[in-house]
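In full-length UniProt numbering, the protein residues as written are 1 to 223. From the three backbone atoms N, C-alpha and C, an ideal C-beta is built for every residue, glycine too.
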């Protein structure tokens, strides 16, 4: 059994929300190459704004990490977020004709604001365990849905989005984050584990809501 790992217990506690996030319509259509450009454009604009918060939390985790080896792993993770992904966003925004204002100062969806606030509160109001409790689900959900079966989409901005969240490097990042959180298991009080469970659950709930919002709030792509 694998549910003796803390991270497996946390994932199990999310119930149906885990499947809702990892087998979302958004992921299925992205893999199939049938995702509407307007939906993906809205999603990318919101996600790019979210990445700034994510980078802040990863940097905070590096400062909290108890070993130099872990700090180095977080530095590598931060480098991937701020270089590889940033280059991808620029090229995808160009292809999808995203206006400059939406790239630099977008109107944020309520779920984007709440999701970012969850990450910041998890990191700043707690310790290393709380920071990991919001980072692990965010990255693990993406690895899970991106690793799903399907043809490679023809659109580069869909195909490369999958590539960024699969493969040995990203698998190693998620494995590292899980291992760091699992290593804290024996030191957690029942009350603190309940707090981590709530943070983990809320992060997965917001992943579902974030995908939903891409459909609900997308505007048609202008020619």
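Among the options, the one whose alpha carbon lies nearest that of residue i
| i | options | result |
| --- | --- | --- |
| residue 105 | 122, 195, 46 and 136 | 46 |
| residue 183 | 126, 154, 65 and 138 | 65 |
| residue 153 | 141, 197 and 162 | 162 |
| residue 10 | 197, 176 and 169 | 197 |
| residue 298 | 137, 36 and 74 | With the chain covering 1 to 223 only, the question about residue 298 has no answer from this structure. |
| residue 213 | 13, 38 and 34 | 38 |
| residue 99 | 138, 6 and 41 | 41 |
Coarse secondary structure for residue i, derived from DSSP in three states
| i | result |
| --- | --- |
| residue 19 | helix |
| residue 223 | Model confidence at residue 223 stands at a pLDDT of 47, short of 50, so the residue's coordinates are unreliable; what they give is reported in the following sentence. In the structure shown, residue 223 sits in coil (DSSP, three-state: anything other than H, G, I, E or B). |
| residue 192 | helix |
| residue 118 | helix |
| residue 55 | helix |
| residue 41 | helix |
| residue 138 | helix |
| residue 47 | helix |
| residue 81 | helix |
| residue 111 | helix |
Residue environment, residue i, which counts as buried when at least 16 other CB atoms sit within 10 Å
| i | result |
| --- | --- |
| residue 32 | exposed |
| residue 172 | exposed |
| residue 2 | Reliability fails at residue 2, whose pLDDT of 48 lies under 50, so the model's placement of it is uncertain and no value is given. |
| residue 156 | exposed |
| residue 112 | buried |
| residue 17 | buried |
| residue 137 | buried |
Any non-hydrogen atom of the ligand SAH within 7 Å of residue i CB
| i | result |
| --- | --- |
| residue 4 | Ligands in the displayed structure: none, and consequently the ligand SAH is not present. |
Rounded C-alpha distance that separates residue i from residue j
| i | j | result |
| --- | --- | --- |
| residue 185 | residue 4 | 10 Å |
| residue 78 | residue 191 | 30 Å |
| residue 132 | residue 97 | 35 Å |
| residue 256 | residue 26 | For the chain, the structure presents residues 1 to 223; residue 256 sits outside this window and is missing. |
| residue 28 | residue 117 | 28 Å |
| residue 135 | residue 174 | 9 Å |
| residue 92 | residue 200 | 30 Å |
Proximity test, Cβ basis, 8 Å: residue i and chain B
| i | result |
| --- | --- |
| residue 188 | Looking at the structure shown, chain B is missing, and only one protein chain is on hand. |
task = Could you pull out every unbroken beta strand (DSSP E) segment of at least 3 residues lying fully inside the stretch 143-205, listed in chain order?
result = Residue ranges of uninterrupted beta strand (DSSP E) with 3 or more members are absent from the stretch 143-205; none lies entirely inside it.
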